[in-house]
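Quick note: to get the numbering used here, add 26 to the position in the sequence shown (first position is 1). Glycine included, each C-beta is placed from N, C-alpha and C at the ideal position. Predicted model only: the values in this text are computed from it and were never measured. In what follows, a structure is listed as structure tokens, so that the remarks can point back to it.
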Amino acid sequence: VLAVGAGRVNAAAPGDGSGWKLVWSDEFTKDGPPDPANWDYEHGFVRNAELQYYQPENAICKGGKLIIEARRERKPNPEYQSGASGWKNREFIDYTSACLISLKKHEFTYGRFEMRARIDVRAGSWPAFWTLGVSRDRVGWPDCGEIDIMEYYRNMVLANILHTHGGKQVWISPRKTVTELGGEAWARKFHVWSMEWTPEKVDLLLDGKLCAHMNVADDDEPGKANAFRVPHYILLNQAIGGMAGGDPSATAFPVRMEVDYVRVYQQE
Numbered sequence: 027v028l029a030v031g032a033g034r035v036n037a038a039a040p041g042d043g044s045g046w047k048l049v050w051s052d053e054f055t056k057d058g059p060p061d062p063a064n065w066d067y068e069h070g071f072v073r074n075a076e077l078q079y080y081q082p083e084n085a086i087c088k089g090g091k092l093i094i095e096a097r098r099e100r101k102p103n104p105e106y107q108s109g110a111s112g113w114k115n116r117e118f119i120d121y122t123s124a125c126l127i128s129l130k131k132h133e134f135t136y137g138r139f140e141m142r143a144r145i146d147v148r149a150g151s152w153p154a155f156w157t158l159g160v161s162r163d164r165v166g167w168p169d170c171g172e173i174d175i176m177e178y179y180r181n182m183v184l185a186n187i188l189h190t191h192g193g194k195q196v197w198i199s200p201r202k203t204v205t206e207l208g209g210e211a212w213a214r215k216f217h218v219w220s221m222e223w224t225p226e227k228v229d230l231l232l233d234g235k236l237c238a239h240m241n242v243a244d245d246d247e248p249g250k251a252n253a254f255r256v257p258h259y260i261l262l263n264q265a266i267g268g269m270a271g272g273d274p275s276a277t278a279f280p281v282r283m284e285v286d287y288v289r290v291y292q293q294e
């Protein structure tokens, strides 16, 4: 199995004894901006009517953690166009944050993807650890496939797999409430979100417990490439509000996603 663009590997990162070998990781041990060999960024207003304006300066490594920080700050929107639609009609930016992407730096076909992180579960917070197929520029979304290894909004922790069949979106989207998971005590802790993706299946897990499952063959369809047999890239972001994130107006900022590490293993 090929890891496309696999980079620096932390040899001390453990495997789990089940045949997975570490092929790439970022342990965020150097203070300062995230390693440019590993990550690029999204810029501006991007999707889902979200309120945040993405900019690189909202991501910083400190004390062995990647901190993606959403801030309430008001400044002119450089993309503003009077009378335009969508975010171009927003004269001002009211929130900023960051979205890191591994596109064209680290892309993987199959593997076990892991993130250990602590998320902010207050109103308006919408963090995610997810992947998209690199075919996105060619076939568009959602035909490229989307895997939300971790997504949170409005008291719900989700594990989503999205593909298309017969021209229609197919969602696998189980969820648990933070209350069910343990409430504020759960939210104060770091947790491990992982995906085990093989030629046969996609399994999404939270702290080692299976949350979602898909058979890769379910995306087989004449005339369409299987979205889960091509490389995917990783996204890490802290969104605010928008179509699903809820109302942040009464939330005290900053809102942070703190990431201890991101690791990718592949089968030996």
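When we look at the beta-carbon of residue i and count the other beta-carbons within 10 Å, is it buried (16 or more) or exposed?
i, result
"V27", "For V27, the pLDDT reaches just 30, beneath the cut-off of 50, and the residue's location in the model is therefore unreliable, leaving the point undetermined."
"G166", "exposed"
"T203", "exposed"
"R289", "buried"
"A154", "buried"
"Q195", "exposed"
"N36", "Note that N36 scores a pLDDT of 40, beneath 50, so its modelled location is shaky; the value from the coordinates is reported in the next line. Answer is exposed; the Cβ neighbour count stays below 16."
"N64", "buried"
"V160", "buried"
"A276", "exposed"
"L236", "exposed"
"T122", "buried"
Do residue j and residue i have their beta-carbon atoms positioned less than 7 Å apart in this structure?
i, j, result
"P60", "A96", "no"
"W152", "G271", "yes"
"I187", "A238", "yes"
"E226", "H191", "no"
"K47", "E294", "yes"
List the whole-angstrom C-beta distance separating residue i from residue j, where the pair is believed to meet the contact cut-off of C-beta under 8 Å.
i, j, result
"T157", "L261", "7 Å"
"A143", "P274", "About 20 Å separates the two Cβ atoms, so there is no contact after all."
"Y291", "T224", "With 8 Å as the limit, Y291 and T224 do not qualify as a contact, their Cβ atoms being about 12 Å apart."
"N263", "C125", "4 Å"
Identify which residue in the options has its Cα closest to the Cα of residue i.
i, options, result
"G268", "D57, E68 and A75", "A75"
"Y106", "E117, R98 and D163", "E117"
"Y287", "V72, I94, N64 and E140", "E140"
"C170", "Q292, Y259, Y67 and R289", "Y259"
"I93", "E294, D66, E284 and W219", "E284"
"I198", "L184, W219 and N64", "L184"
"D146", "P200, A213, V72 and A63", "A213"
"E83", "Q195, G58 and G159", "G58"
"K88", "F54, D244 and K215", "F54"
"D120", "K91, I127 and L77", "L77"
Spell out the partners DSSP gives residue i in its beta bridges.
i, result
"F216", "None, per the DSSP bridge assignment."
"C125", "N263"
"H189", "V196"
"P153", "Q264"
"G89", "Partner(s): none; G89 has no beta bridge."
"H258", "F134 and G159"
"N103", "DSSP output for N103 lists no bridge partner at all."
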